[in-house]
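A.B. asks:
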Amino acid sequence: MDTLSYKTLSATPETIEKKWVVIDATDQVLGRLCSKVAKILRGKYKPDFTPNMDCGDNVIIINADKVVMTADKMNTREYLRYTGYPGGQRAFNPASLMEKSKKKSIKPGCHPLFIKVVKGMLPKTKLGAAQLRNLYVYNSAEHPHAAANPEVIDINKLK
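Numbering-wise, this note's numbering puts 126 at position 131 of the sequence shown, and it's gapless, one number per residue.
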């Protein structure tokens, strides 16, 4: 019996191949979409997935303003943050984050709602922060990453 056939191969920085992927968020449910995006960012759909390496793909989400939430969660759901000062607890809802994404002061590619949701689904380490930097979200159908030749995928076909 050949013992080398049982060897487990782990991804190294030299063997990792990062692709660019475009996902259309039109009429997608926010949580379901973001859970699949988090899996793509981590690299869990790849056969050479290694938990301690950034082996995921770069994800571009277009039409982010057309994403939906079930029931009335867009207005009733509350996210909390704390400023660090007494009485500094702040509450905000997804609708306010959607409005914030349309402001000119927000850097293109950084959608506050998608960043908040996907960040909660990634590891809470430096690796998770590095994987989150591979996410680009745009409210319209245009994006400036055409030079990377991104591949358009149907998010509904992923499990």
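Each residue gets a CB set at the ideal place from its N, CA and C atoms; glycine is no exception.
Please read all numbers here as calculations on a predicted model, not as lab measurements.
1. Which value, in whole angstroms, describes the spacing of the CA atoms of ILE55 and GLU94?
2. As a quick exercise: from PRO103, ASN70 and LYS102, pick the residue whose alpha carbon is nearest that of PHE87.
3. For ARG85, write down the residues that DSSP places opposite it in a beta bridge.
4. In this structure, how does DSSP classify ASP52 when only helix, strand and coil are distinguished?
5. On the three-state DSSP scale, how would you describe VAL113?
6. Going by DSSP in three states, ASP22 sits in which element: helix, strand or coil?
7. Can you tell me where the beta strand (DSSP E) holding LEU130 begins and where it ends?
8. I believe LEU122 touches ASP43 by the beta-carbon criterion, under 8 Å. Please report the beta-carbon distance rounded to the nearest angstrom.
9. With burial defined as no fewer than 16 other Cβ atoms inside 10 Å of the residue's Cβ, what is the status of ASP67: buried or exposed?
C.D. replies: Let's see:
1. 20 Å
2. ASN70
3. ARG76
4. coil
5. helix
6. coil
7. 130 to 132
8. Distance from LEU122 to ASP43 at the Cβ level is roughly 16 Å; contact not present, criterion being Cβ atoms closer than 8 Å.
9. exposed
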